[in-house]
Every structure is written in C-alpha cells, then in structure tokens.
Amino acid sequence: MSNPVIRCRIAPSPSGFLHIGTAKTALYNWLFARSQGGTFILRLEDTDADRTEEQYVEAMCEGIKWLGIDWDEGPQFGDEPAKGAFGPYRQSERRQLYRQEAARLLAEGKAYKCFCSKEELDVQRDLAAREKRPPRYSGKCRNLTQEEITAKGDAPYAIRFRVPEGETVVDDIIQGAVRFNNKEYDDFIIVKPNGDAVFHLAVVVDDGLMKISHVIRGDDHLTNAGRHVMLFNALGYPLPQFAHTPLVHDEQGKKFSKRLHGANILDWRADGYLPETMINYIALLGWTSEEEGREFFSLDDLKRLFTLKRLTKSPARFDRKKLDWLNGQHIRMLTPEQLFYRVLPIMQAHGLQVADRSREWLVSIVAICQEKIPTLNHIIPFTDFFFRQVTAYDEKGRQKYFQKPESLLWLQTALSALESTDAWCHDALKEAYEQAAAGTDIKIGMLVNTTRLALTGKTVGPGLYELTELLGRDEALARMKHALTFVESSGEFTT
RNA sequence: GGCCCGUUCAUCUAGGGGUCUAGGAUGCGGGAUUCUCAGUCCCGUUACAGGGGUUCGAAUCCCCUACGGGCUGCCA
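Residue 504 in this note's numbering sits at position 476 of the first sequence, with consecutive numbering throughout.
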C-alpha cells in the first residue's frame, strides 16, 4: 500500500545529539508515513552555521539509526547516500531557493525591506519590556516609499513579512481550530541582512517545495504555525495538515533538560535498553491504541496501528519504572540467541572471558536470565560468577544463611545432595534437593539459598538448579567446599 | 504584560451529556509460585484542579480562577 500523497518529515537541527523530544517527533512522523504507505523525509535544518558541526550530524544520525528509523528521502547522512527528488535536503544547500522565494514576496509587496539596525531594535524591545508594553516592531520601514528605499543606497537590510490584516486559523489535527488575530503577530523577519533565511521562511519554503502533506511536530511550534500558515498562503503553496503534539517532560515534570542523563536517546542504549523498548515507550507517551489496555507493541504493530486520531493533547512525564517494565517485556520477546547477541558486547566490555567458552553454553547462561533481567546490563550481575571465583559473600546473605546455628548443617546437607547427584542436570538436582529436605525439618529454601550464596556469592540471580547445572559439577562442588571452610572458620575467607 | 495550548489515580492513559458509586497499564501493598526475585499469577490501593453556570442529568458543554507549558529573536 503506497500513498504518494502522504509526505512527512523530521527536520532536526543538528546542534547536538538526538534529543528524546526530537526522537518522539521523528517517531510519530515516521509511524504515520509508514502506516499510510507514505514517504518519510529527513531534512537537516542547519541554516545557523555557527551551531552546526559535523560531529553533531554524526551523533544525531547514530541515534536515529539506533532506533531503527529509516527515511526514503534525505541528505547524505552517516553511511546513507543522499536520496530523493526534492533535494537538496540540507537547508545550508538551499539558500538560493529561499532567496528566490523571498524575492517573489518582495516583488509582490508581501514583504518589505527593513533597514533598522539590530541595535536599534534591541533598544526598542528593552524599552517596551521596561514599560510593560508588548514588544512589537514599530513598523518604521513598513511603508517606505520607493524614493526612500533608493536613498538608502546599499545599506544592509533585512526582509520582513508584511502580516496581513484579519485572522489566521491553524486547523490542527490534535488541537482543533486554533485562531489567532493577526495583530498578535509582528511583521517578522524572514531574511537576515546577510541574506540567510530565518527559520520561518526556510521551513515553509522547504515544506512547500517538498510537498509535505502533514507537519507533525512539538506544540512549541503551535504559535509559529500561524506565521507559517500566512507564509504558505503568501507563497501560494497548498497548506499541509498540522498536528502539534505535546512535549515530553522529565520525571520531575519539567522540560527535558539537554544536560540531564536520558535527554540523549543514546543514554538509554548505554543503560541497557532495547531500541524496540524506546520506540514502544515513546509511542505511548502521547498515543494510545484503539485496543484498550494494550501497551506492548512491536515495531511492525506500531507501523500498522498508528493513527493521528489517537494522539493525546496533554504533555506526558517520562516514567523510568514503566520503561523498565516494558524493557523486560521486550527482552522476553527475543529468542535466547538474539538476546545473546545483544548482550555479548556488554559482557565483553565488562571483561567476562567469553572467548574460552562454547557458544552453546554462553547462550544457555543468557537464556536462564532472560525471564528476570529488566535491562541488558543486568546480565553482568546475573552471570559474572560463572566467569569469576567467588571472593566475597553478600553481606545480608551471610547474616541470613552463613551465620545461623544451622548454617553448617545446611551447607553439608546441600553438599551431600550435590555429591550424590549423578546426572548433573536441572531435574536431577531438583530431585536431590527435594529428597535431602524430605524427612528432615530443614526447609528446602534454606538449602537452596545457602547453595546460591556459596556458588554465586549473591542472594539474587537465575534459578538455582539451572545455574548449578551450567556451572558444572567440579566447580560447584569446589565452591561448596570453599564455603564450608569459610563458615567453619567463622567468617574468615581462606583459600 | 499580550496571545495560544493544556489540567482524570503516584505515573501513562480510556472516556466526548445518562451504561462512570470512572475502565486499563505501570508503580505501590498483600498473597501464591513447599528456591532468591528485579520474573510469573492472583487480590487490593488510590483520580475527574477549584468555583460558577447550562441541563431532568456533566469527567464530558459554557464562563471565570488557579496552576503548568509555549510563542512574543537578525535560534530552530
């Protein structure tokens, strides 16, 4: 199902990493385009040369790629070649287009030259603020005669848009019809004295020429949309549909500060979250499924089910707890093999000696953690004991299992259960423990937890029988004896 | 200051005049899983910002107030 009419875009300003808010905008545009068989376009808003650096372009690219968002048209970006028939896709390469369109507006009297200096305007703005008046442009150059303009010679000038009288309505898919009295808008500048377009002109020219059908973006642009509608009309472009989505707030309910850990989408990768999770979670931050109660969505589900009608009006707070839960859900959806490949680099980075082990065994130790870990990074505390000797026992665990009057009995009972087990596998181990507990007044939990502490040094981890099987008979028995010595010597760790 | 947008459980939300003594999910609390839990299952917990209208009836419509946010740049 392909729909040539639906064209959406994400137009990030490459002045940093991929911010969570930008990711949300990108995601909604992408999902909408994909759900409709439309086209998704990437455009770089790098008009402000001072603030653009190639390294930022790279960083942003990495974030978008990690999320798995792909585009049909866009500039050369990372290792993606430029593609699409409406280019160029970097604003810095479209200056000529903006100038042409500005010249048209000028010729049609829909814009005018303004010779006021920046200093002059700053003074006026300050004065207005001090007198508590709305900071409006005085309109000094609005009605200059041809003679007056000619008299200016080659004095530098900006180009201002001549805001028409009347009312402007932004017919927004999310917000409904939002009305603005044009008096609220200044004659805003569309071209700087250096000839560069200002954001408002650039977006409208780009969206118009690129035949964007739906502009989905943060509602910080809602007021700007009024300006844009006027500009679309003045330039004679058909109006796109607008959808202004609420912003994402941090866990304190404040704007997501760019400095905060988590503002960069790649922070979440570093913390062990899957891209599937982030997509799913961000989608939920402002969109709900028709299917009430459903919150787990794969990428394919989302691409199919996403609708603009189900977008939410109020801003959402980022909730780490729910993200954790969702990440666990997505981890559980992977096959053990897939999970292994996701987790392997993390294990290597933490110095676990995976090279000496068989892949089959490695997949197995990952598999027994799959049901329990909330993030990929949790694989480390859940498996590190397979690779390292136990050199310390968890403090709370020690008090609970190693420092009780019965501790030695528990350990010895567990040890003989292990020694008596011939078939070293989950079921046989389970049976051995059950038998050892039966007929005594030792609770099986004590045997299990004491063993866990002896074998892993921890109180939390994968299932005991699974872990014991994979640890191997010799190693397990050695660690048990070691623990026994430790407890006998009343807490002194000896080797 | 002006204009614009928003406000349902702790959090994300459903709901758009009667079916709402407000539903779901996460969190939290309790129980179960004769092994830990950060897993799984079950049970429980809590909300229509406030005030006025309109109406037989309002979470739902209107107005005001409060609070939060945005725009008001030769930033995007």
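We put the CB at the ideal spot given by N, CA and C, even for glycine.
If Tyr117 sits next to Leu59, beta carbons under 8 angstroms apart, how far is it from one beta carbon to the other, in whole angstroms?
-> The count along the first sequence starts at 1 and reaches residue 117 at position 89. The count along the first sequence starts at 1 and reaches residue 59 at position 31. Not confirmed; about 20 angstroms, so no contact.
Between which two residues does the alpha helix (DSSP H) harbouring Ile407 extend?
-> As a position in the first sequence, residue 407 is number 379, starting the count at 1. Unbroken alpha helix (DSSP H) run through Ile407: 407 to 415.
Using the DSSP secondary-structure output, state which residues sit across from Cys142 in a beta bridge.
-> Residue mapping note: residue 142 aligns to position 114 of the first sequence, counting from 1. According to DSSP, Cys142 shares a beta bridge with Ala186.
Taking Cβ to Cβ, would you say Gln269 is nearer than 9 angstroms to Ile177?
-> Residue mapping note: residue 269 aligns to position 241 of the first sequence, counting from 1. Residue mapping note: residue 177 aligns to position 149 of the first sequence, counting from 1. No, the Cβ-Cβ distance between Gln269 and Ile177 is not below 9 angstroms.
According to the neighbour-count rule (16 or more other Cβ atoms, all chains shown, within 10 Å of its Cβ), is Asn31 buried or exposed?
-> Looking up residue 31 in the first sequence gives position 3. Counting Cβ neighbours within 10 Å, Asn31 comes out exposed, since fewer than 16 surround it.
What are the residues that DSSP puts in a beta bridge with Glu108?
-> Translated into positions along the first sequence, residue 108 becomes position 80. Answer is Phe105.
Inter-residue Cα distance where the pair is Ala344 and Trp315 | Translated into the one-based positions of the first sequence, residue 344 becomes position 316. Translated into the one-based positions of the first sequence, residue 315 becomes position 287. C-alpha separation (whole angstroms): 10 angstroms.
Using DSSP with H/G/I as helix, E/B as strand and the rest coil, what is Ile34?
-> The count along the first sequence starts at 1 and reaches residue 34 at position 6. Here Ile34 carries a coil assignment [DSSP, helix/strand/coil].
Closest by C-alpha distance to Lys341, when choosing among Ala291, Val276, Arg158, His256 | If you number the first sequence from 1, residue 341 lands on position 313. Nearest option by C-alpha distance: Val276.
Please go through the same chain and pick out, in chain order, the residues whose beta-carbon is closer than 7 angstroms to the beta-carbon of Tyr185, but skip the five residues on each side of it.
-> For the purposes of this step, residue 185 is identified with residue 157 of the first sequence, where counting begins at 1. For Tyr185, where only same-chain residues beyond five positions count, the Cβ hits under 7 angstroms are Lys141, Cys142, Phe143, Pro221.
For Asn292 and Phe45, believed in contact at Cβ under 8 angstroms, the rounded distance | Residue numbering aside, residue 45 sits at position 17 when the first sequence is read from its first letter. Residue numbering aside, residue 292 sits at position 264 when the first sequence is read from its first letter. So it is a contact: roughly 4 angstroms between Cβ atoms.
What are the complete alpha helix (DSSP H) segments, minimum 4 residues, inside the stretch 198 to 283?
-> 227 to 237, 250 to 263
At which residues does the beta strand (DSSP E) containing Phe514 begin and terminate?
-> Here residue 514 is taken as the residue at index 486 of the first sequence, counted from 1. First-last for Phe514: 501 to 516, but that is the alpha helix (DSSP H), not the beta strand (DSSP E).
State the DSSP-derived secondary structure class of Leu72, mapped to helix, strand or coil.
-> Here the question's residue 72 lines up with position 44 in the first sequence. Leu72: strand per DSSP, three-state reduction.
Measure the C-alpha to C-alpha separation of Gly194 and Ile310 and round it to an integer number of angstroms.
-> Numbered from its first residue, the first sequence carries residue 194 at position 166. Numbered from its first residue, the first sequence carries residue 310 at position 282. Spanning the two alpha carbons is a distance of roughly 39 angstroms.
Alpha helix (DSSP H) containing Gln119: first to last residue?
-> By 1-based counting over the first sequence, the position of residue 119 is 91. Neither: Gln119 is in no alpha helix (DSSP H) and is coded neither H nor E.
First and last residue of the alpha helix (DSSP H) that includes Val371?
-> Along the first sequence, one-based indexing puts residue 371 at 343. Element bounds for Val371: 364 to 377.
Just the C-alpha distance for Ile34 and Gln64, rounded to the nearest angstrom, thanks.
-> In the first sequence, the residue the question calls residue 34 occupies position 6. In the first sequence, the residue the question calls residue 64 occupies position 36. The alpha-carbon atoms of Ile34 and Gln64 are separated by roughly 7 angstroms.
Between the stretch 377 to 389 and the stretch 318 to 334, do at least 3 Cβ pairs fall closer than 8 angstroms?
-> no
Distance, Cys36 Cα to Gln174 Cα = For the purposes of this step, residue 174 is taken as the residue at position 146 of the first sequence. For the purposes of this step, residue 36 is taken as the residue at position 8 of the first sequence. If you take the alpha carbons of Gln174 and Cys36, they lie about 42 angstroms apart.
Cβ of His242 within 9 angstroms of Cβ of Asn355?
-> For the purposes of this step, residue 242 is taken as residue 214 along the first sequence, with counting starting at 1. For the purposes of this step, residue 355 is taken as residue 327 along the first sequence, with counting starting at 1. No, Cβ-Cβ distance for His242 and Asn355 is not below 9 angstroms.
Mind checking who Ala344 pairs with in its DSSP beta bridge?
-> Counting from one through the first sequence, the residue named residue 344 turns up at place 316. Partner(s): Val276.
Start and end of the alpha helix (DSSP H) containing Pro303?
-> Taking the first residue of the first sequence as 1, we reach residue 303 at position 275. Pro303 -> alpha helix (DSSP H) spans 303 to 312.
Could you give the distance in angstroms between the alpha-carbon of Leu28 and the alpha-carbon of Leu367?
-> As shown, the chain starts at 29 and ends at 523. That puts residue 28 outside it, with no answer to give.
Report yes or no: do the stretch 439 to 455 and the stretch 472 to 484 share at least 3 C-beta pairs separated by less than 8 angstroms?
-> yes
Hey, how far is the Cα of Glu516 from the Cα of Tyr421?
-> Residue 516 sits at position 488 when you count from the first residue of the first sequence. Residue 421 sits at position 393 when you count from the first residue of the first sequence. Near 15 angstroms, if we compare the C-alpha coordinates of Tyr421 and Glu516.
Taking all protein chains shown into account, decide if Pro42 is buried (16 or more other Cβ within 10 angstroms of its Cβ) or exposed.
-> Residue mapping note: residue 42 aligns to position 14 of the first sequence, counting from 1. Counting Cβ neighbours within 10 Å, Pro42 comes out buried, since at least 16 surround it.
Taking just the CA atoms, how far does Ala504 sit from Ala511?
-> The count along the first sequence starts at 1 and reaches residue 511 at position 483. The count along the first sequence starts at 1 and reaches residue 504 at position 476. Between Ala511 and Ala504, the C-alpha separation is close to 11 angstroms.
Can you give me the start and stop residues for the alpha helix (DSSP H) that Glu462 sits inside?
-> The residue you call residue 462 lines up with position 434 of the first sequence. Residues 454 to 465.
Sub-9 angstroms separation of Ile217 and Val231 beta-carbons | For this step, residue 217 is matched to residue 189 along the first sequence. For this step, residue 231 is matched to residue 203 along the first sequence. Not in contact: Ile217 and Val231 (Cβ atoms no closer than 9 angstroms).
When Ile244, Leu259, Leu250 are compared against Gly236, the one with the closest alpha-carbon = Locating residue 236 in the first sequence gives position 208, where the first residue counts as 1. The candidate whose alpha carbon is nearest that of Gly236 is Leu259.
Out of curiosity, what's the CA-to-CA distance linking Ala113 and Glu129?
-> The residue labelled residue 113 in the question sits at position 85 within the first sequence. The residue labelled residue 129 in the question sits at position 101 within the first sequence. Cα to Cα, the separation comes out at about 19 angstroms.
With a 10 Å radius around its C-beta and 16 neighbouring C-beta atoms as the bar for buried, classify Asp182 as buried or exposed.
-> Here residue 182 refers to the residue found at position 154 of the first sequence. With fewer than 16 Cβ atoms within 10 Å of its Cβ, Asp182 is classed as exposed.
Mind reading off the beta-carbon distance from Leu294 to Trp452? Whole number of angstroms is fine, and I expect it under 8 angstroms.
-> Within the first sequence, residue 294 is the residue found at index 266, counting from 1. Within the first sequence, residue 452 is the residue found at index 424, counting from 1. Taking C-beta atoms under 8 angstroms as the contact rule, Leu294 and Trp452 fail to qualify, at a distance of about 43 angstroms.
Are Thr484 and Val391 close, meaning C-beta to C-beta below 9 angstroms?
-> One-based indexing of the first sequence puts residue 484 at position 456. One-based indexing of the first sequence puts residue 391 at position 363. Going by beta carbons, Thr484 and Val391 fall outside the 9 angstroms limit.
Which residue or residues does DSSP assign as beta-bridge partners of Glu195?
-> Translated into positions along the first sequence, residue 195 becomes position 167. Paired residue(s): Asn209.
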